[in-house]
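Colleague: So the mapping is simple: the working numbering equals the position in the sequence shown, first residue as 1, plus 14.
For each residue, glycine too, the CB sits at the ideal point set by N, CA and C.
The model shown is predicted, which means the values in this text are computed figures rather than measured ones.
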Amino acid sequence: MFFLDFYNLIIRLFKSPESSKINGTDISKNSAERSLILQIVVYYRFFFPSSLLAEYKEILHGVSGEFKAGELIAIMGPSGAGKSTLLNVLAGYTVKGVQGTILVNGKVRVPYSERWKRTSCYIQQDALMRTRITVGEAMTVAAHLKLGYTISSAYKHTQVLELLELLGLSHCYDTLCGKLSGGQKKRLDVALELLSNPSVLFLDEPTTGLDSASCSQCIALLKRLAKMERRTVICTIHQPSALLLEMFDSVYAVAGGYCIFRGPVKSLLPHMSSVGADCPAYHNPADFLLEVAIGDYGISVDKLAAAAETMCRDDKPVTTCIQKPNASKFLRTDTSQEPPPPAGFLAQCYLLYKRQLLCLKRDYTLLVVRLLCHLLIGVIFGYLYMGSVPQEMRILSREHFNRWYRLAPYYISMLLVEIPFQASCAATYLAVSYWLTGQPVETPRILTFMVVSIAASLTAQAWGFFIGATTPVKIAVFAGPIIAVLFSVFGFCIRYIDTPLAFRWMFHVSYFRASFHSLLHTVYGFDRMDLKCDDFYCHYKKPTQFLKEMDIADTNVVDNLILILGIGVLMHLLTASALWCKLNRR
């Protein structure tokens, strides 16, 4: 357990004894010179399909620092420098693969602790929200979820109104969230999280997609929250203007996974000048910092990291400059008081259910379309097959009993009608799908694809005849899909070597397996050219690679076609036998 001081909140990153090693291997660079900086190591695992070996990629190379209460801190750096990774680690959003220690007011922070989660919030880059509810409704639901029912509804409503007024959204109370501007959505995101009164705010690129005026309003709001409410506000920002940069209290700059500067904004240019990089006159300091970070001034990242370490080593202890703030109506003055418990399980279910109904009520178009589609398809299929099976069976039974004809001519005549019709339906579907998916226009390949597909369709029809002839209608409705699922799962979806021994026999009698494997081999086999791919690395650019990993590179299409047709003929013979037994059973 740990205790958060809401007035003097400091987040510090300290070195873990094992942080410089992964699997016993020293992964730090110049560890003797940079022992104080190597304090958090973040790595990810990458698995390659060709082997089971894991490789580690070091993202952050031992970063350290401290963030004070009442300050607005900017994490800056070029693309791919590790800004978002660092923010995810600090917020507890990324936990796996992290080595090191994060202290909150001298106590080790536990990322999974409910106490930490309730005293911090993470506002991501995209302002995602329900577009069919109003700002007031969104705030009210969030207030009930976050504050629970130990607090009166009147008090929560007052808090909602005061927060909206603080963030300049009081005039948008009855506006749908989907009709807000980009800046208003960002502020609403902040307002929703401020309901639980967090002491630490993490924001990922809060100015992305906003114009200059909205950016200034957003940063000014965050500055106000940090100063007036004594909150710690930490945000990543890519390339702010000079005016926006002046609004921040501190800057934490990263490049290549290393910290190259941390300190007040006013110390940025003097520090860079001390390492040999002078900012040109009338040049944006933020642009200048990024140019230094990517090496435009000829200074290596190692030198910048060492200079940042030396600068921070000479700093005075932070505990001498923390002062107790004034009380605020949005800040608990009693720091030992526990925050109100959130809504319980049943209350959460009710609130979310009510919100879903509200969204559905205001956007019922999709619901109506879904209902009409199901109704239309049901009417079409019901009309096509209305009474067909019972009536046909009764007619056959009566006419056969009265010696109109024998069973064989009846069954053959039915197949002469059903098989061409089924083949035509399958061919129409296949021709359209083959062309739209951009497959090679090669006559042998197209003919093979069509023949295998039509054979599989006819075999599926034969299975349907057999099930319909041997089981009642109520059972046949469920028997067909169950058999299809078994043959598809244990005949195609799982590789043969991964299939349990009890189900391997299905591979040898499954027309699903034979047809799918043959179709894949027809599309990607037969010396097909490399696939078009504009990415730097395309694992399946060569079609043969896909066939090998699916374990179907050696598929024999002719043998599979014989198996498919053989199963179809067998099913028709079994169907005819079942009908003969029914007709002659009195």
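Have a look at Asn298 and Asp310 and give me their C-alpha separation to the nearest angstrom.
Modeller: The alpha-carbon atoms of Asn298 and Asp310 are separated by roughly 15 Å.
Colleague: Taking the DSSP output, what are the residues bridged to Phe463?
Modeller: Paired residues: none, contrary to the question.
Colleague: What residue ranges within the region 271 to 318 form continuous alpha helix (DSSP H) runs of no fewer than 4 residues, ordered along the chain?
Modeller: 282 to 288 and 299 to 307
Colleague: Tell me whether Gln113 is buried or exposed, calling it buried when 16 or more other Cβ atoms sit within 10 Å of its Cβ.
Modeller: buried
Colleague: How about Cys249 and Leu208: do their beta carbons lie closer than 7 Å?
Modeller: no
Colleague: Could you name the residues that DSSP lists as bridge partners for Gln90?
Modeller: Before going on, a small fix: residue 90 reads as Met here, not Gln. Bridge partners of Met90: Ala267.
Colleague: Within the same chain, show all residues whose beta-carbon is closer than 7 Å to that of Arg123, passing over the 5 residues directly before and after it, in chain order.
Modeller: Once the five neighbours on either side are set aside, the close Cβ partners of Arg123 are Phe16, Ile116, Leu117 and Trp130.
Colleague: What first and last residue would you give for the alpha helix (DSSP H) that runs through Val503?
Modeller: No alpha helix (DSSP H) holds Val503; DSSP gives it neither H nor E.
Colleague: Return the Cβ separation of Ala319 and Cys273 in integer angstroms, given the expectation that the two are a contact with Cβ distance under 8 Å.
Modeller: Indeed, because the Cβ distance is near 6 Å, the residues count as touching under 8 Å.
Colleague: Which residue's Cα is closest to the Cα of Phe560: Ala83, Asp573, Gln231 and Asp544?
Modeller: Asp544
Colleague: For Phe501, tell me which candidate among Trp477, Ala490 and Arg527 has the shortest Cα-Cα distance.
Modeller: Arg527
Colleague: Find the nearest neighbour of Asp565 within the set Leu597, Ile511 and Gly452, judged by alpha-carbon distance.
Modeller: Nearest option by C-alpha distance: Ile511.
Colleague: Return the first residue and the last residue of the beta strand (DSSP E) that Ser255 is part of.
Modeller: No beta strand (DSSP E) contains Ser255, which DSSP labels as neither H nor E.
Colleague: Find out if the Cβ-Cβ distance for the pair Leu86, Ala240 is shorter than 7 Å.
Modeller: yes
Colleague: Where does Ala79 fall in DSSP's three states?
Modeller: For the record, residue 79 in the displayed sequence is Gly; it is not Ala. The three-state reading of DSSP puts Gly79 in strand, counting E and B together.
Colleague: Am I right that Ser411 and Leu533 are in contact with their C-beta atoms under 8 Å? What's the rounded C-beta distance?
Modeller: That pair is no contact at about 40 Å.
Colleague: Taking its Cβ as the centre, do 16 or more other Cβ atoms sit within 10 Å of Trp3, making it buried, or is it exposed?
Modeller: This structure cannot speak to residue 3, because the chain is shown only from 15 to 600.
Colleague: Between Cys191 and Phe479, what straight-line distance do the alpha-carbon atoms span, to the nearest angstrom?
Modeller: Answer to the nearest angstrom: the Cα atoms are 54 Å apart.
Colleague: How about Ala267 and Met90: do their beta carbons lie closer than 7 Å?
Modeller: yes
Colleague: Is it the case that the Cβ atoms of Ser210 and Arg245 are separated by a distance below 7 Å?
Modeller: no
Colleague: By Cβ distance, which residues of its chain are closer than 6 Å to Ser230, with the 5 residues on each side in sequence left out?
Modeller: Closer than 6 Å at the Cβ level, and outside the excluded window around Ser230, lies no residue.
Colleague: Mapping the DSSP letters down to three states, classify Ser184 as helix, strand or coil.
Modeller: helix
Colleague: For my contact list, Gly196 and Leu224 are in at a C-beta cut-off of 8 Å; report their separation, rounded to the angstrom.
Modeller: 5 Å
Colleague: Whose CA, out of Gly79, Cys135 and His158, lies closest to the CA of Gly358?
Modeller: Nearest neighbour of Gly358 by Cα position, chosen from Gly79, Cys135 and His158, turns out to be His158.
Colleague: Could you give the distance in angstroms between the alpha-carbon of Ala490 and the alpha-carbon of His535?
Modeller: 33 Å
Colleague: What residue from Asp140, Ile251 and Leu575 has the CA that sits closest to Ile468's CA?
Modeller: Taking the Cα of Ile468 as reference, the smallest distance to any Cα among Asp140, Ile251 and Leu575 is reached at Leu575.
Colleague: If you run the structure through DSSP and keep just helix, strand and coil, what is Cys249?
Modeller: strand
Colleague: From the DSSP secondary-structure annotation, give me the bridge partner or partners of Phe603.
Modeller: Residue coverage of the chain in this structure runs from 15 to 600, which leaves residue 603 outside it and unanswerable.
Colleague: Can you tell me whether Tyr443 is buried or exposed? The criterion is at least 16 other CB atoms within 10 Å of its CB, across all chains shown.
Modeller: exposed
Colleague: Could you pull the DSSP bridge partners for Thr99 from this structure?
Modeller: Beta-bridge pairing links Thr99 to no other residue.
Colleague: Quickly, what does DSSP pair Lys121 with across the bridge? List them, please.
Modeller: Val118
Colleague: With distances taken from CA atoms, which of Leu385, Ala361 and Met428 is nearest Lys160?
Modeller: Ala361
Colleague: Counting only the same chain and skipping the five closest in sequence on each side, list residues whose C-beta sits under 8 Å from that of Ala592.
Modeller: Phe480, Ala483 and Thr484
Colleague: Just curious, the alpha helix (DSSP H) that Pro557 is in, first and last residue?
Modeller: In this chain, the alpha helix (DSSP H) harbouring Pro557 covers Pro557 to Glu563.
Colleague: If I measure Cβ to Cβ from Ala105 and keep anything under 7 Å in the same chain, skipping five residues before and after, which residues do I get?
Modeller: Ser134, Tyr136 and Phe216
Colleague: State the DSSP-derived secondary structure class of Leu175, mapped to helix, strand or coil.
Modeller: DSSP places Leu175 in helix when its eight states are reduced to three.
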